[in-house]
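Asks: As numbered in the UniProt record's numbering, residues 1 to 308 make up the sequence shown, in order.
One structure is given below, represented as structure tokens, and several questions about it will come after.
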Amino acid sequence: MTEQTKSRAMAFDEPGGPESLRLIERDVPQPAAGQVRIRVRAAGVQPYDAAVVDGWAPPGANTRRPVIPGNEFAGLVDALGAGVTGVAVGDEVLGFGQLGCYAEHLVIPSDQITPKPAAMPWEVAGGFTAGAQTAHIALEMLEIGPDEVLLVHGAAGGVGQIAVQLGRLAGARVLGGARPEHHERLRALGVETFDYTEGFVDRLRALAPNGVDAVLDAVGGDILDATVGLAHDRSRVITLVEHGRAAELGIGVTENRRSAERLSALAALQAAGDIDFRVRETFPLEEAPAALKALRAGGGGKVVLTID
Ligand SMILES: NC(=O)c1ccc[n+]([C@@H]2O[C@H](COP(=O)([O-])OP(=O)(O)OC[C@H]3O[C@@H](n4cnc5c(N)ncnc54)[C@H](OP(=O)(O)O)[C@@H]3O)[C@@H](O)[C@H]2O)c1
Numbered sequence: 001m002t003e004q005t006k007s008r009a010m011a012f013d014e015p016g017g018p019e020s021l022r023l024i025e026r027d028v029p030q031p032a033a034g035q036v037r038i039r040v041r042a043a044g045v046q047p048y049d050a051a052v053v054d055g056w057a058p059p060g061a062n063t064r065r066p067v068i069p070g071n072e073f074a075g076l077v078d079a080l081g082a083g084v085t086g087v088a089v090g091d092e093v094l095g096f097g098q099l100g101c102y103a104e105h106l107v108i109p110s111d112q113i114t115p116k117p118a119a120m121p122w123e124v125a126g127g128f129t130a131g132a133q134t135a136h137i138a139l140e141m142l143e144i145g146p147d148e149v150l151l152v153h154g155a156a157g158g159v160g161q162i163a164v165q166l167g168r169l170a171g172a173r174v175l176g177g178a179r180p181e182h183h184e185r186l187r188a189l190g191v192e193t194f195d196y197t198e199g200f201v202d203r204l205r206a207l208a209p210n211g212v213d214a215v216l217d218a219v220g221g222d223i224l225d226a227t228v229g230l231a232h233d234r235s236r237v238i239t240l241v242e243h244g245r246a247a248e249l250g251i252g253v254t255e256n257r258r259s260a261e262r263l264s265a266l267a268a269l270q271a272a273g274d275i276d277f278r279v280r281e282t283f284p285l286e287e288a289p290a291a292l293k294a295l296r297a298g299g300g301g302k303v304v305l306t307i308d
């Protein structure tokens, strides 16, 4: 069999929203020392990627054009850089990066991957890594414990759907804001749901007359503003969205604590059935613009690109 020399990716030269992405063909990238090359099978589609195609440059990322978005993936290890140990060509893995995952091939530091449990479907593995880690880091920072009341805004989204389940696993009462169409699924996960449209604060007060112990906000804006007063202690409110206003509001943001070890533990929970993860829709790589538009349209669960 001849070795593949060319590799497909979705990329942009000038940011201009989802439609600025086009299919490119480039040389198959070679892993440097300490890196592995992945033959990507699935890549999650994130609000982070939507910001990148709109022109946001992630701090510290290499944004040499053409830019390939995507910061989470699952695939097969297909080449090892010098000095890499503990992983072999052919291993099935999931992992995280900053950019570059909307691609057939990706090179990535070997400490940003972990084995994919056999029970985890590709599309779940590809869409799991960023949101799961973000949810886990947030709950760790919130120090959520048994019998506490945790409020999650955006409970049906990529981060929220994991956060509510981690909250329940920690023994907390979890109140989750989501569109009514998601309530049945969330209730089955042990979440006390509320509709986040006008008047939601009264509905929340009815659920938690004594306020809440901790808040994870994955929505921002008026929803966050109307909520901070419900928390007993603002140091136990974290927003994933309003980074610019967090200090003024006296609340926190998540720290970058992503690691292969954290991801491995979360993947094991998912594979064991302790975390249910809903993939809403999959798109082939070439349809990344449609996938980003589907993400923006909302609807709960995860949007994932698949690459056969
Ligand atoms: N994914 C990550 O690892 C990560 C890391 C850091 C920061 N963030 C940020 O966190 C936010 C959420 O990320 P995500 O990946 O979870 O996005 P997502 O999958 O698009 O989920 C966002 C969810 O918010 C819901 N929503 C929209 N307006 C709402 C409202 N007013 N009240 C309650 N829910 C509402 C939507 O639900 P409906 O469909 O029901 O409207 C949607 O399910 C984004 O701003 C993202 O940039 C994400």
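Glycine included, every Cβ here is placed at the ideal spot set by N, Cα and C.
So which residues put a beta carbon under 6 Å from any heavy atom of ligand 1, going in chain order?
Replies: Taken from the N-terminal end onward, the list reads 46, 47, 48, 130, 131, 134, 153, 154, 156, 157, 158, 159, 160, 177, 178, 179, 182, 196, 218, 219, 223, 240, 241, 295, 298, 299, 300.
Asks: When burial is assigned at 16 or more other CB atoms within 10 Å of the CB, is residue 173 buried or exposed?
Replies: Here residue 173 refers to the residue found at position 173 of the sequence shown. By the neighbour-count rule (16 or more Cβ atoms within 10 Å), residue 173 is buried.
Asks: Assuming contact is defined by CB atoms lying nearer than 9 Å, are residue 239 and residue 220 in contact in what I supplied?
Replies: Translated into positions along the sequence shown, residue 239 becomes position 239. Translated into positions along the sequence shown, residue 220 becomes position 220. Going by C-beta atoms, residue 239 is nearer than 9 Å to residue 220.
Asks: Terminal residues of the continuous alpha helix (DSSP H) containing residue 307?
Replies: In the sequence shown, the residue the question calls residue 307 occupies position 307. No alpha helix (DSSP H) contains residue 307, which DSSP labels as neither H nor E.
Asks: Please list, in chain order, all residues of the same chain as residue 144 whose beta carbon is under 7 Å from its beta carbon, the five residues on each side excluded.
Replies: Here residue 144 refers to the residue found at position 144 when the sequence shown is read from its first residue. So the qualifying residues of the chain are 150, 167, 170, 172, 214.
Asks: Indicate whether residue 35 and residue 108 have their beta-carbon atoms separated by less than 9 Å.
Replies: In the sequence shown, the residue the question calls residue 35 occupies position 35. In the sequence shown, the residue the question calls residue 108 occupies position 108. Yes, the pair counts as a contact, with Cβ atoms nearer than the cut-off.
Asks: If you run the structure through DSSP and keep just helix, strand and coil, what is residue 143?
Replies: Counting from one through the sequence shown, the residue named residue 143 turns up at place 143. Residue 143: coil per DSSP, three-state reduction.
Asks: Starting from residue 177 and walking both ways along the beta strand (DSSP E), at which residues does that stretch end?
Replies: Against the sequence shown, residue 177 aligns to sequence position 177. Residue 177 -> beta strand (DSSP E) spans 173 to 177.
Asks: Could you compute how far the alpha carbon of residue 279 sits from the alpha carbon of residue 120?
Replies: Locating residue 279 in the sequence shown gives position 279, where the first residue counts as 1. Locating residue 120 in the sequence shown gives position 120, where the first residue counts as 1. Going by the C-alpha atoms only, they are around 12 Å apart.
Asks: Suppose contacts are defined by Cβ-Cβ distances below 9 Å. Is residue 80 in contact with residue 37 by that definition?
Replies: Against the sequence shown, residue 80 aligns to sequence position 80. Against the sequence shown, residue 37 aligns to sequence position 37. For residue 80 and residue 37, yes; Cβs fall inside 9 Å.
Asks: The beta strand (DSSP E) that contains residue 80, what's its start and end?
Replies: Here residue 80 refers to the residue found at position 80 of the sequence shown. Segment 72 to 80, the beta strand (DSSP E) holding residue 80.
Asks: According to DSSP, which residues form a beta bridge with residue 217?
Replies: Residue 217 sits at position 217 when you count from the first residue of the sequence shown. The partner list for residue 217 (beta bridge, DSSP) reads 153, 239.
Asks: Once you ignore the five residues that flank residue 132 on each side, which residues in its own chain have a CB closer than 6 Å to its CB?
Replies: As a first step, residue 132 must be located in the sequence shown, where it is residue number 132. Answer for residue 132: 162, 266, listed in chain order.
Asks: Straight-line CA distance for residue 26 to residue 268?
Replies: In the sequence shown, residue 26 corresponds to position 26, counting from 1. In the sequence shown, residue 268 corresponds to position 268, counting from 1. Their Cα atoms are separated by approximately 35 Å.
Asks: By the three-class DSSP mapping on this structure, what secondary structure does residue 110 have?
Replies: Residue 110 sits at position 110 when you count from the first residue of the sequence shown. In this structure, residue 110 counts as helix in the three-state DSSP scheme.
Asks: For my contact list, residue 106 and residue 73 are in at a C-beta cut-off of 8 Å; report their separation, rounded to the angstrom.
Replies: Taking the sequence shown and counting its residues from 1, the one referred to as residue 106 is at position 106. Taking the sequence shown and counting its residues from 1, the one referred to as residue 73 is at position 73. That pair is a contact at about 6 Å.
Asks: I need the DSSP call for residue 275, collapsed to helix, strand or coil.
Replies: As a position in the sequence shown, residue 275 is number 275, starting the count at 1. Residue 275: coil per DSSP, three-state reduction.
Asks: Roughly how many whole angstroms lie between the Cα atoms of residue 175 and residue 181?
Replies: As a first step, residue 175 must be located in the sequence shown, where it is residue number 175. As a first step, residue 181 must be located in the sequence shown, where it is residue number 181. Spanning the two alpha carbons is a distance of roughly 16 Å.
Asks: What is the rounded straight-line gap between the Cα of residue 200 and the Cα of residue 65?
Replies: Taking the sequence shown and counting its residues from 1, one reaches residue 200 at position 200. Taking the sequence shown and counting its residues from 1, one reaches residue 65 at position 65. Each residue's Cα considered, the two are about 44 Å apart.
Asks: Quick test of your reading: residue 39 and residue 104, contact by CB under 8 Å. State the CB separation rounded to the nearest angstrom.
Replies: Taking the sequence shown and counting its residues from 1, one reaches residue 39 at position 39. Taking the sequence shown and counting its residues from 1, one reaches residue 104 at position 104. Their Cβ separation, rounded to whole angstroms, is 7 Å, which keeps residue 39 and residue 104 in contact under 8 Å.
Asks: Whose CA, out of 101, 88, 197, 83, lies closest to the CA of residue 71?
Replies: On the sequence shown, position 71 is the one that residue 71 refers to. The shortest C-alpha separation from residue 71 is found at 101.
Asks: Measure the CB-CB distance between residue 300 and residue 203 and report whether it falls below 9 Å.
Replies: If you number the sequence shown from 1, residue 300 lands on position 300. If you number the sequence shown from 1, residue 203 lands on position 203. No, Cβ-Cβ distance for residue 300 and residue 203 is not below 9 Å.
Asks: What is the DSSP secondary structure of residue 293, counted as helix, strand or coil?
Replies: As a first step, residue 293 is located in the sequence shown; it is residue number 293 there, counting from the start. It is helical.
Asks: Determine the direct distance from the alpha carbon of residue 247 to that of residue 10, and round the result to whole angstroms.
Replies: By 1-based counting over the sequence shown, the position of residue 10 is 10. By 1-based counting over the sequence shown, the position of residue 247 is 247. Roughly 37 Å separates the two Cα atoms.
Asks: Can you check DSSP and say which residues form a bridge with residue 27?
Replies: Along the sequence shown, read from residue 1 onward, the residue named residue 27 stands at position 27. Residue 27 pairs with 6.
Asks: Grouping DSSP H, G and I as helix and E and B as strand, with all else coil, what is residue 32?
Replies: On the sequence shown, position 32 is the one that residue 32 refers to. Here residue 32 sits in coil by DSSP.
Asks: Helix or strand or just coil, what does DSSP make of residue 11?
Replies: Numbered from its first residue, the sequence shown carries residue 11 at position 11. Three-state result, residue 11: strand.
Asks: Buried or exposed: which applies to residue 69, given that a residue is buried once 16 or more other Cβ atoms fall within 10 Å of its Cβ?
Replies: What you label residue 69 is simply residue 69 of the sequence shown in a count that begins at 1. When all chains shown are included, residue 69 counts as buried.
Asks: What is the DSSP secondary structure of residue 38, reduced to helix, strand or coil?
Replies: By 1-based counting over the sequence shown, the position of residue 38 is 38. Correct three-state label for residue 38: strand.
Asks: Going by CA-CA distance only, name the one from 51, 197, 262, 303 that's closest to residue 179.
Replies: For the purposes of this step, residue 179 is taken as the residue at position 179 of the sequence shown. It is 197.
Asks: Residue 225: which of 75, 12, 235, 249 sits nearest, CA to CA?
Replies: As a working note, residue 225 is residue 225 in the sequence shown. The shortest Cα separation from residue 225 among 75, 12, 235, 249 belongs to 249.
Asks: Between which two residues does the alpha helix (DSSP H) harbouring residue 160 extend?
Replies: Working through the sequence shown from its first residue, we reach residue 160 at position 160. Residues 160 to 169.
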